[in-house]
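The numbers in the numbering used here rise by one with no breaks, and the one at position 70 of the sequence shown is 71.
Below is one structure, written out as structure tokens; the observations come after it.
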Amino acid sequence: MASIFRAYDIRGRYPDELDEAMARRIGNAFVRLLSAEQVVVGRDMRLSAESLADAFAKGVLEAGADVADVGEVSTPLLNYAIIAGGFDGGAMVTASHLPGDMNGVKLARKDAVPLSGDRGLPRLEAMVGEEPVARAPGSSRRVDMLDSYIGKVAGFVRNPRPLTIAVDAGNGMAGPEVPRLFERVPAWHLVPMYIVPDGRFPHHRANPLDPETTRDLQERVVREGADFGAAFDGDADRCGFIDERGERVREDLVTGLIADYLLGEVPGATILYDLRSSRAVVEAIERAGGRAVRSRVGHAFIKARMREEGALFAGELSGHYYYRDMGFTDNGLVTMVMVANILAASGKTLSALMKPLDRYPTTGELNLRVSDPERVFTVLAARYRDADLDHLDGLTVGYPAWWFNIRSSHTEPVVRLNLEAGTEELMHEKAQEVLGVIREADPRTQEV
2 MASIFRAYDI
12 RGRYPDELDE
22 AMARRIGNAF
32 VRLLSAEQVV
42 VGRDMRLSAE
52 SLADAFAKGV
62 LEAGADVADV
72 GEVSTPLLNY
82 AIIAGGFDGG
92 AMVTASHLPG
102 DMNGVKLARK
112 DAVPLSGDRG
122 LPRLEAMVGE
132 EPVARAPGSS
142 RRVDMLDSYI
152 GKVAGFVRNP
162 RPLTIAVDAG
172 NGMAGPEVPR
182 LFERVPAWHL
192 VPMYIVPDGR
202 FPHHRANPLD
212 PETTRDLQER
222 VVREGADFGA
232 AFDGDADRCG
242 FIDERGERVR
252 EDLVTGLIAD
262 YLLGEVPGAT
272 ILYDLRSSRA
282 VVEAIERAGG
292 RAVRSRVGHA
302 FIKARMREEG
312 ALFAGELSGH
322 YYYRDMGFTD
332 NGLVTMVMVA
342 NILAASGKTL
352 SALMKPLDRY
362 PTTGELNLRV
372 SDPERVFTVL
382 AARYRDADLD
392 HLDGLTVGYP
402 AWWFNIRSSH
412 TEPVVRLNLE
422 AGTEELMHEK
432 AQEVLGVIRE
442 ADPRTQEV
């Protein structure tokens, strides 16, 4: 069971690791953990999602709580439902961007505060192993929150001008939402791609971080003369962008772009960025008069830190972007709206807007399989002991002209390396140097 309880959620292969019996026990334990009276339950389009969501709901009902079933929805809509409906907690049955044979559950308490590895999931895991309780069963009802949610998202649109936007929903849960949003913004023209939810993922995996999954969108943007393209993951909490030339836009730099725009509306606001982000992001925030706060990687950590800091906005290298005005939650659809707002306000192309931010060459995120991550971190810290070192999340090594972060993944058995430098030549030189130190520390290192 421990293998399915991760740092941010519950996730496993269906039905070998996560099945209906386990989902039912999780639902029962979730009610006990929160002393919940009302729980909202949603699911994505995966072939196993409906039966797992039904089983989770049965566990909730057996524990004596009521269930509000919002049906097939995105994770951002589920988060909105928790907040707007005043529920004690919510569950989203999804495996996000992972292949179709995987599934999982994202859990949140009141106000869409997530359960995570250091905030509730270990206790829940222990309770799942206990005998389920059987109380007078709660009641179940169906709730439709799509119109209300789209109205909330549409409220972020500012001074729309005519734009052509190509959207690849990846056969995921952005599919039902995007056309409804465009109906409310007549100035925008939608070029839809893979809009119909389909848990078989007939066209490609719904993972905009993977360059292979955005090739169709890149071609379509150019062919249609679109102003930009937006690609969503399976549960629509992440969004990636393609500029008008058909080029991918770096996810961390989008944080700087949106931060600059929002700081024009809320001067001096606090903006969070994950520690893998380019130095250009910090510079953009500070240049716009914002307070830049560095954060650990991961939605649960970022959401908690946003609440502590009262942050207006946060962004991650992984394409998650968070908004105070959406209850400190991540939202792919709102992020697409923000990019459209920025184009409308500036009158510039997306490539022109990104150019000033895209000035530090980077390796991107390199995934390495090592046998002893702690030894690797120790050897690197010793090798670069004259640098500015910190251990907020893994190891970050900083010099004036270059820096890198290496951290253990919370979702895969790998370490992830990100390195950035002032020039292309220095970036390649230092990347080879750091990889050489890692291989000396662990000769069995493999890039995956």
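Note that the Cβ used here is the ideal one computed from N, Cα and C, for glycine as well.
Return yes when the Cβ of residue j is within less than 9 angstroms of the Cβ of residue i, no when it is not.
{"i": "ALA58", "j": "ASP45", "result": "no"}
{"i": "ARG419", "j": "PRO77", "result": "Reading the sequence as shown, one finds Asn at residue 419 and not Arg. No, these two residues do not count as a Cβ contact at 9 angstroms."}
{"i": "ALA137", "j": "LEU164", "result": "no"}
{"i": "ASP10", "j": "LYS153", "result": "no"}
{"i": "LEU34", "j": "GLY121", "result": "yes"}
{"i": "GLY235", "j": "GLY173", "result": "yes"}
{"i": "LEU53", "j": "ASP102", "result": "no"}
{"i": "ALA312", "j": "LEU273", "result": "yes"}
{"i": "GLU254", "j": "ALA289", "result": "In the sequence under discussion, the amino acid at residue 254 is Leu, which differs from the Glu named in the question. Contact: no."}
{"i": "GLU178", "j": "LEU334", "result": "yes"}
{"i": "ALA315", "j": "ARG162", "result": "no"}
{"i": "VAL68", "j": "SER149", "result": "no"}
Note down, in chain order, each residue of its chain lying with its Cβ closer than 6 angstroms to the Cβ of residue i, except the 5 sequence neighbours on either side.
{"i": "GLY247", "result": "GLN219, VAL222 and VAL223"}
{"i": "ALA232", "result": "ASP169, PRO209, THR215, LEU218 and GLY241"}
{"i": "MET428", "result": "PRO362 and ALA422"}
{"i": "ARG277", "result": "LEU318, ASN406 and ASN419"}
{"i": "ASP394", "result": "LEU276, ARG297, VAL298 and ARG408"}
{"i": "VAL371", "result": "VAL377, VAL416, ASP443 and THR446"}
Quick one: grab the DSSP three-state call for residue i.
{"i": "LEU358", "result": "coil"}
{"i": "ASN104", "result": "strand"}
{"i": "VAL340", "result": "helix"}
{"i": "GLU184", "result": "helix"}
{"i": "ALA231", "result": "strand"}
{"i": "THR256", "result": "helix"}
{"i": "SER410", "result": "coil"}
{"i": "ASP148", "result": "helix"}
{"i": "ASP261", "result": "helix"}
{"i": "THR363", "result": "strand"}
{"i": "SER319", "result": "coil"}
{"i": "ARG249", "result": "strand"}
{"i": "PHE405", "result": "strand"}
{"i": "ALA175", "result": "coil"}
{"i": "LEU418", "result": "strand"}
{"i": "ARG136", "result": "coil"}
{"i": "PHE157", "result": "coil"}
{"i": "GLY72", "result": "strand"}
{"i": "PRO115", "result": "strand"}
I'd like to confirm the pairing. Which residues does DSSP put opposite residue i in its beta bridges?
{"i": "HIS190", "result": "THR165"}
{"i": "LEU390", "result": "VAL398"}
{"i": "GLU448", "result": "LEU369"}
{"i": "ALA66", "result": "According to DSSP, ALA66 bridges with nothing at all."}
{"i": "GLY311", "result": "Answer is none; GLY311 lacks a bridge partner."}
{"i": "MET93", "result": "GLY43 and LYS107"}
{"i": "TYR274", "result": "ARG295 and GLY316"}
{"i": "TYR385", "result": "TYR385 is not bridged to any residue."}
{"i": "TYR324", "result": "PHE314 and THR330"}
{"i": "ARG6", "result": "It should be pointed out that residue 6 corresponds to Phe in this sequence rather than to Arg. DSSP lists ILE11 as partners of PHE6."}
{"i": "PHE242", "result": "ALA231"}
{"i": "ARG143", "result": "ASP70"}
{"i": "ARG120", "result": "SER117"}
Relative to the C-alpha of residue i, which candidate in the options has its C-alpha closest?
{"i": "ALA383", "options": "VAL335, ILE439, ALA432 and MET337", "result": "ILE439"}
{"i": "TRP404", "options": "GLY395, ALA388 and GLU413", "result": "ALA388"}
{"i": "ARG185", "options": "ALA56, ARG7 and VAL158", "result": "VAL158"}
{"i": "LEU453", "options": "LEU48, THR397, ASP211 and ALA24", "result": "Absent from the model: residue 453. The displayed extent of the chain is 2 to 449, so no value can be given."}
{"i": "PRO414", "options": "TYR262, ALA293 and GLU448", "result": "GLU448"}
{"i": "ASP261", "options": "LYS431, ASN342, ASP17 and PRO123", "result": "ASN342"}
{"i": "ARG7", "options": "ASP55, VAL74 and ALA96", "result": "ALA96"}
{"i": "LYS1", "options": "THR336, ARG280, SER117 and ASN80", "result": "As displayed, the chain neither begins before 2 nor continues past 449, which places residue 1 out of reach and without an answer."}
Once the 5 residues before and after residue i are set aside, which same chain residues still bring their CB inside 8 angstroms of it?
{"i": "MET128", "result": "ALA30, ARG33 and LEU34"}
Who are the near neighbours of residue i in its chain, counting only those whose CB is closer than 7 angstroms to its CB and skipping five residues on each side?
{"i": "PRO203", "result": "ASN172"}
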